[in-house]
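Numbering (UniProt numbering), first residue to last: 1 to 138.
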């Protein structure tokens, strides 16, 4: 069994390049190789990724020419979408409406690229966590 006592980096080659090169020249497989450095890249970090996270998706879609539509989906049901829509339309100076979809639920649509403004509104006014908001688009 080959044991690497401390990590090393020489020039532009990473530690994994040296490990694979050493294993290939020694005729050893990766199953017999152990790394005894300070940090284990496969160790449990304590983050619990098993819980289902419902993300809020903010997308910007090209309509035609320079026209775009911003869509927001996944806002929790505890918030009143009509009040949010009315407030955002007034703040942004744009038109918008609510689309009802069977699979995705209620989707807010706004005229123009309003991704950053919607993100700021959701994090400040509604106190939603930035980790649960995903901004998509070009």
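C-beta: ideal position from N, C-alpha, C; glycine also.
Residue environment, residue i, which counts as buried when at least 16 other CB atoms sit within 10 Å
{"i": "residue 96", "result": "buried"}
{"i": "residue 70", "result": "buried"}
Residues sharing a beta bridge with residue i, DSSP
{"i": "residue 59", "result": "71"}
{"i": "residue 135", "result": "58"}
{"i": "residue 95", "result": "For residue 95, which the question treats as bridged, DSSP gives no partner whatsoever."}
{"i": "residue 107", "result": "73, 99"}
Sequence-distant residues of the same chain with beta carbon closer than 7 Å to residue i, five excluded per side
{"i": "residue 135", "result": "58, 115, 119"}
{"i": "residue 80", "result": "none"}
{"i": "residue 117", "result": "92"}
{"i": "residue 68", "result": "60, 61, 62, 112, 113"}
Inter-residue spacing [alpha-carbon to alpha-carbon] between residue i and residue j
{"i": "residue 100", "j": "residue 109", "result": "11 Å"}
{"i": "residue 60", "j": "residue 137", "result": "5 Å"}
{"i": "residue 54", "j": "residue 82", "result": "21 Å"}
{"i": "residue 94", "j": "residue 122", "result": "17 Å"}
{"i": "residue 98", "j": "residue 89", "result": "12 Å"}
{"i": "residue 78", "j": "residue 64", "result": "34 Å"}
Own chain partners of residue i with C-beta closer than 6 Å, once the 5 adjacent residues on each side are dropped
{"i": "residue 52", "result": "Because the pLDDT of residue 52 is 45, which lies under 50, any placement of that residue in the model is unreliable, and the question is left without a value."}
{"i": "residue 104", "result": "73"}
{"i": "residue 131", "result": "none"}
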